[in-house]
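The next block holds one structure in the form of structure tokens; read it before the comments.
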Amino acid sequence: MATVNLHDVCKSYGERRTVHDVNLTVADKEFMVLVGPSGCGKSTMLRMVAGLEDITSGQLLIDGKDVTDVAPQKRDIAMVFQSYALYPHMTAYRNMAFGLMKTTSLSKAEIDGRVREAAEILHITDLLDRRPKELSGGERQRVAIGRALVRQPKVFLFDEPLSNLDAKLRNRMRGELKRLHEELGLTVIYVTHDQLEAMTLATRVAVMAKGELQQVGTPMDVYMKPANTFVASFIGTPEMALISCTGQAGGHVDHPAFSRPLRLSRNALPSQVMLGIRPEEAKFDQASDIRVKVGRSEFIGAEALVDVSLGKDTMTVKIGVTDIPEPGTEVGLNFDMTRARLFDTRTGQLLDLAP
Ligand code: ADP
Ligand code: MG
């Protein structure tokens, strides 16, 4: 068993508060991905869990035990960094074995067993005699992961481990990490700024902005029901359109270019709302009363992304490549209102449209 609980965790550097009142529970065998823009406090959070950074206030529990003030090496945690942080003068084998030799009383044979088993899992058995400079970026990253695996820690922490790899290798390593997590039943906290990486790896994602958690949920939850306009824009590419409308009592939204009833009527809507529509939730439809002007389109393989303008607003529509409308023309567009969401313009929060 390995669970991690953060209670009201804050971090300040001098006067400046970097992490605000974070409450987060990571369940046993969960792959929790902490995602957010650069500088939002992800690494700081992870380093606090690892014990590499003091917690200014709040509490950290691992398996229910308060480890807020426990030294890093006593937390039973292993961390993998973006920079790999391998010892350059040691072979891959020694890089993986070194920590065990220094910090445990395992016998040479036990250590050898663990290193060879991890090497097997990571497909690096043939590389164990090489030094880091004789390895590719992806191979180095495997050694760094191996060094964490041999320790058999309760919790694995990863800080942007794939950022230094090219796109193809990154995809492959993403698949491998997912496999490792499933096969070995690891408990993982993984940090990335890449929302696609977050969505594909996570059992749950924790979206962070400016040192605060914005939403914690399954990838499906945060995609379909983003808690606020930040999450709505941050998750998903191309971005969700957020179209300013006026909310009308009785449950419909008005825009200079259209008016639409809401599926679930709500008596009181705020007067200023944002209608959130993803590119795949809008469709060209000649019969529709919503007229839009076609702008630039981008061919992305199986699909195309077409920019359109509705009066002063613009949005992107994702369609099949056979029906790309001519730029400059005016066409009809329809939304899937059953999937559209509304946000309060003033607070940015998702409005609950349940009756
Ligand atoms: P992320 O990993 O999300 O990119 P970080 O956790 O590295 O963000 O940083 C969050 C904020 O805290 C940044 O504004 C950064 O400049 C600041 N910060 C990080 N480490 C320190 C430090 N040791 N001293 C002062 N400020 C720091
Ligand atoms: Mg970082």
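Position one of the sequence shown corresponds to residue 1 (the working numbering), numbered consecutively onward. Cβ atoms here follow ideal geometry from the backbone N, Cα and C, with glycine treated the same way. This one's a predicted model, so the numbers in the text were calculated from it and none came from an experiment.
Per-residue burial, residue i [other beta carbons within 10 Å of its own, 16 or more giving buried]
i: Y13; result: exposed
i: T329; result: exposed
i: N95; result: buried
i: G41; result: buried
i: K11; result: buried
i: S136; result: exposed
i: M45; result: buried
i: M101; result: exposed
i: I243; result: buried
i: R16; result: exposed
i: L24; result: buried
i: M32; result: buried
i: Q286; result: exposed
i: M220; result: exposed
i: A167; result: exposed
i: S163; result: exposed
i: S309; result: exposed
i: S43; result: buried
i: A268; result: exposed
Whole-number beta carbon distance between residue j and residue i, since they are thought to touch under 8 Å
i: T192; j: E30; result: Not a contact, Cβ separation roughly 16 Å.
i: I121; j: L180; result: 7 Å
i: H20; j: G146; result: Rounded, the Cβ-Cβ distance is 36 Å, inconsistent with contact.
i: L350; j: K225; result: 7 Å
i: V207; j: I235; result: 7 Å
i: R346; j: P270; result: 7 Å
i: N334; j: K283; result: 5 Å
i: A144; j: Y84; result: 4 Å
i: G295; j: P327; result: 6 Å
i: G36; j: A209; result: 5 Å
i: L86; j: R140; result: 6 Å
i: V115; j: L60; result: V115 to L60, Cβ: 30 Å. No contact.
i: L262; j: L165; result: Going by Cβ atoms, the distance from L262 to L165 rounds to 45 Å, so no, they are not a contact pair.
Proximity below 9 Å, CB of residue i to CB of residue j
i: M1; j: D63; result: yes
i: L370; j: V49; result: Look at the range of the chain in this structure, 1 to 355, and you will see that residue 370 is not part of it.
i: T200; j: R174; result: yes
i: L127; j: A97; result: no
i: G58; j: P72; result: no
i: L213; j: V26; result: no
i: A232; j: R341; result: yes
i: P88; j: R47; result: no
i: E303; j: G320; result: yes
i: L196; j: T246; result: no
i: T56; j: D28; result: no
i: L34; j: V205; result: yes
i: D344; j: M274; result: yes
i: F258; j: G348; result: no
i: T218; j: A202; result: yes
i: G138; j: L184; result: no
Subject >> the stretch 241 to 256 touching the stretch 291 to 300, judged by at least three CB pairs closer than 8 Å >> reply: No, the stretch 241 to 256 does not touch the stretch 291 to 300.
Subject >> Sufficient close CB pairs (3 or more, under 8 Å) joining the stretch 310 to 319 to the stretch 272 to 279 >> reply: yes
**OP:** For the stretch 22 to 103, list the alpha helix (DSSP H) runs that are entirely contained and at least 4 residues long, ordered along the chain.
**Re:** 42 to 50 and 92 to 103
Original post:
Should the stretch 143 to 161 be called in touch with the stretch 78 to 88, which here means at least 3 C-beta pairs below 8 Å?
Top reply: The answer is yes - the stretch 78 to 88 touches the stretch 143 to 161, with three or more Cβ pairs under 8 Å.
**OP:** Can you check the stretch 204 to 265 for any beta strand (DSSP E) of at least 3 residues that lies completely inside it and give the ranges in chain order?
**Re:** 204 to 209, 212 to 217, 241 to 248, 252 to 255 and 258 to 261
**OP:** Please specify which runs of the beta strand (DSSP E), each continuous and at least 3 residues long, are wholly inside the stretch 130 to 159, giving them in chain order.
**Re:** 155 to 159
Original post:
Counting Cβ pairs closer than 8 Å, one from the stretch 156 to 166 and one from the stretch 107 to 115, do we hit at least three?
Top reply: no
Original post:
At which residue ranges does the stretch 257 to 342 contain complete beta strand (DSSP E) runs of 3 or more residues, listed in the order of the chain?
Top reply: 258 to 261, 272 to 277, 282 to 284, 291 to 299, 303 to 310, 313 to 320 and 330 to 335
Original post:
Which runs of the alpha helix (DSSP H) spanning at least 4 residues fall entirely within the stretch 167 to 191, listed in chain order?
Top reply: 167 to 184
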